[in-house]
Each structure stands twice: as C-alpha cells, then as structure tokens.
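K.L.:
Residue numbers (our numbering), protein chains in the order written: chain A, 1 to 138; chain B, 1001 to 1185.
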Amino acid sequence: MSEQKQLLIIDDDPDFAEGIKSILVKANYKVDMAHNPKEGWAALEKKKYDLLLLDVMMGRGAEGIMIARKLGKDAKLREMPVLIITSIREQMAFLFPGAAVHPNFVDVDELVEKPVEPKLLLDKVSTLLKLSETKKKK
Amino acid sequence: MSTTVSFRQEIANLLHAVEGNPVNACMQCGTCSGTCPVGDFMDVRPQRLIRMIDAGLKDKVMATRAFWYCASCYQCTVRCPRGIDIAELMYGLKRYTIWRNQYPEDLIGPAFSETFVKNIVRTGRSYEPVLATSYFFTLGLKEMLAEAQNATMLMLKGRLPVLPARIKRLENFKRMIKRIIPIGD
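This is the structure we're talking about:
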C-alpha cells in the first residue's frame, strides 16, 4: 500500500462531504468531491478512482441510485467498489416503516447510514479497497 | 477544486437536471411575482426569493414559507423573460427543506405531500377523503364544519368517491414503484 488511493465523493450536502473528506484525507487517501450527479459522472469518466462514496437523495430524487445502476452497466466502471452513505430513512421516513433499506433495490457493495462514525467509515473504506484489490489480482 | 460551496451553488446543484437558466440569470423584473396567483399569500414573493438565494441568505430563505404556498401553476416559468424554471425552483426548495427536516412545524404542505405519496404507493390512486384528513384537523371549528358540509354535498352528487378506487394489476404497479423509489419493506 505505497501509493495513495483515489476516492471520489458525490454528495449534494457540502458540509457533510467536507466532513467526510477531512476524515479520509487524514487517513491518507486522496479525495475528490462532486456536488451533483452530473458533475460526479463527468469526474468518473475522466479519471480513474479506486472507490466511490455515493449519496442517494440528490437533485430530483433518488439520483444516487441512478448512478449506481449506470455504473453496473458500464464495463469499465463496474469493477469499482461503491460505498453508499445515506440518510434516506430520515429524509423520507414515512416510506420506511422500520425495515432494512432497499434490500434488492440496487447492487451496491456496502451501505452506511448518516450520521456515520469516522472509525466505521474508515473500516468500511479499507475493507472495500482490499476486497477490490484481491479481486483484481485473481 | 474550490472547497466551499455557496448557497446559490447548492441550489444550482439541486436543479442540475432542470432545463432553463440558472437562478443568477434573474434580472429582477418582477414578472413572476406579478403573475403569481398565490403571491398575495406568500411572505416573500418569488422575485425577492430569487434575489435572496442569489445573495446567499440561506437562513432567511430556509425560514420563509413562500415556496410551500406555490400552487405549481407554472405561470412564472412560462412568463419568465430570462427562462428560469421558477416553479421547479420552488419544488427544489421544498425537497431541500424536507430532506434536511428544516421546514416550519405548522405547515400543511409536507403532511399533505406525505399522505399523497403514501396513498399512491399503496393503492395506485389518490383517495380524497384520506388526503383531506391530513390537514382537516388543523382547521378551526367553523372551517371544519364548512369543509364537512362541502364534502357531503360532493359525495351526494357523486363527485367524491365513498370507497377508494382500485387499479388493475396493483402488484405490477407496486413493483414499478419499487424500481423508482427506494422503499423499505
């Protein structure tokens, strides 16, 4: 693990994205931010990232989900692990009567609910990165 | 990359998929305020609201309830000489406040929307008697009676359904909804 890993955050809440970024930067990752899905997608196409941290509720609605689905269809980007960070349960509480968050809704590697503990976040990020690396080696 | 995002930029991000010019294209002509049918009930009219967003007065914008009064008639959008989608901006602000849980307590709008969405998701059709009760109890006694009387008259004339309508193939519809909105089970 000599080189720095490139991460991308797509989240429309600038304060939250900033907080996450500072946690990750401190843990020696290189982090880019995008504040809307369009910008985020453009960044993904332009540069190669090792991990994507994705918000769900952006723009018109559940646009994070749209990005995750689009990623699954893209041959090049499919390999990249995706960590979803969402507070969807809080945001649309009336649609979530206590059950788990969308079980078969979209294929993602990991889902964390806001507010997220820094330690938990770093744990998940490093496990996902390791997993993708072993996958690549095979 | 710049690190701080202005409130104006936040709103622009929210409306990234909307066709039409960004909010800062506004030239303060006041056509939107003049044409708005519910403008008289708003504490801040659309033109002023846009200026407030432009000036980055986030707290003041969040404290207004003007955008909750928007009836979505789209007159402002149609008439805006600068081509700003103002009605969509109002929707954007509604989402913004709902997602952050920062709307005033005594509003009818959020509860109404909630009941409406729940209704559609569950039965596929809107059912007015349930929808009306989402704000019915916020009314005064006099208005309540008037409302009840109105509803009875409508029902007697067959204008208001007594039983909720059913749609064909509800299961298919529900599956479709599940693809669009991330509903928990």
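Glycine residues also receive a C-beta, built at the ideal position from the N, C-alpha and C atoms. Here the structure is a predicted model, which is why all the values come from computation and not from measurement.
Looking only at its chain, what residues have a beta carbon closer than 8 Å to the beta carbon of LEU7/A, apart from the 5 residues adjacent to it on each side?
P.N.:
Your numbering for residue 7/A matches position 7 in the first sequence. Contacts found: LEU24, TYR29, LYS30, VAL31, ASP32, TYR49, ASP50, LEU51, LEU52, LEU53, VAL125.
K.L.:
Assuming GLN91/A contacts MET57/A under a Cβ cut-off of 8 Å, what Cβ separation, rounded to an integer in Å, is found between them?
P.N.:
Locating residue 91/A in the first sequence gives position 91, counting from the first residue. Locating residue 57/A in the first sequence gives position 57, counting from the first residue. The Cβ separation is near 5 Å, so the contact holds.
K.L.:
Measuring only between beta-carbons, confirm whether ARG1017/B sits less than 8 Å from chain A.
P.N.:
Walking along the second sequence from the start, residue 1017/B turns up at place 17. Per the sequence shown, the amino acid found at residue 1017/B is Ala instead of Arg. Yes, ALA1017/B lies at the interface with chain A (some Cβ there is under 8 Å from its Cβ).
K.L.:
Along the beta strand (DSSP E) that carries ASP32/A, what are the first and last residues, could you check?
P.N.:
The residue you call residue 32/A lines up with position 32 of the first sequence. Its beta strand (DSSP E) spans residues 30-34.
K.L.:
Looking at chain A, is there any beta carbon in it that lies within less than 8 Å of the beta carbon of ILE1086/B?
P.N.:
Position 86 of the second sequence holds residue 1086/B. Not closer than 8 Å to any Cβ of chain A, the Cβ of ILE1086/B fails to qualify, so no.
K.L.:
Identify every residue that forms a DSSP beta bridge with ILE84/A.
P.N.:
By one-based count along the first sequence, residue 84/A stands at place 84. Answer is LEU54/A, LEU111/A.
K.L.:
On a Cα-Cα basis, can you pick out the residue from ILE85/A, THR86/A, ARG69/A, ILE84/A that is closest to ARG78/A?
P.N.:
Counting from one through the first sequence, the residue named residue 78/A turns up at place 78. The residue with the shortest Cα to Cα distance from ARG78/A is ARG69/A.
K.L.:
Tell me the DSSP secondary structure of LEU77/A in three-state form.
P.N.:
The count along the first sequence starts at 1 and reaches residue 77/A at position 77. Coil.
K.L.:
Would you call the CB atoms of ASP1059/B and CYS1026/B closer than 8 Å?
P.N.:
Numbered from its first residue, the second sequence carries residue 1059/B at position 59. Numbered from its first residue, the second sequence carries residue 1026/B at position 26. No, these two residues do not count as a Cβ contact at 8 Å.
K.L.:
Which residues, in chain order, does the region 109-127 of chain A contribute to contact with chain B at a C-beta distance below 7 Å?
P.N.:
Correct list: empty, as no residue qualifies.
K.L.:
Can you tell me the Cα-Cα spacing of TYR1074/B and LEU121/A, whole angstroms?
P.N.:
Taking the second sequence and counting its residues from 1, the one referred to as residue 1074/B is at position 74. Taking the first sequence and counting its residues from 1, the one referred to as residue 121/A is at position 121. Distance between the alpha carbons of TYR1074/B and LEU121/A: 43 Å.
K.L.:
Out of PRO1081/B, ILE1181/B, GLY1092/B, which has the shortest C-alpha to C-alpha gap to LEU1015/B?
P.N.:
The count along the second sequence starts at 1 and reaches residue 1015/B at position 15. That would be GLY1092/B, whose Cα lies nearest to the Cα of LEU1015/B.
K.L.:
With three or more C-beta pairs closer than 8 Å as the rule, is the region 1021-1039 of chain B touching the region 1060-1073 of chain B?
P.N.:
Short answer: they touch.
K.L.:
What are the start and end residues of the alpha helix (DSSP H) that includes TRP1170/B?
P.N.:
Sequence index remark: in the second sequence, residue 1170/B carries index 170 (1-based). Note on identity: in this sequence residue 1170/B is Leu, with Trp being the wrong assignment. From DSSP, the alpha helix (DSSP H) with LEU1170/B extends over 1170-1180.
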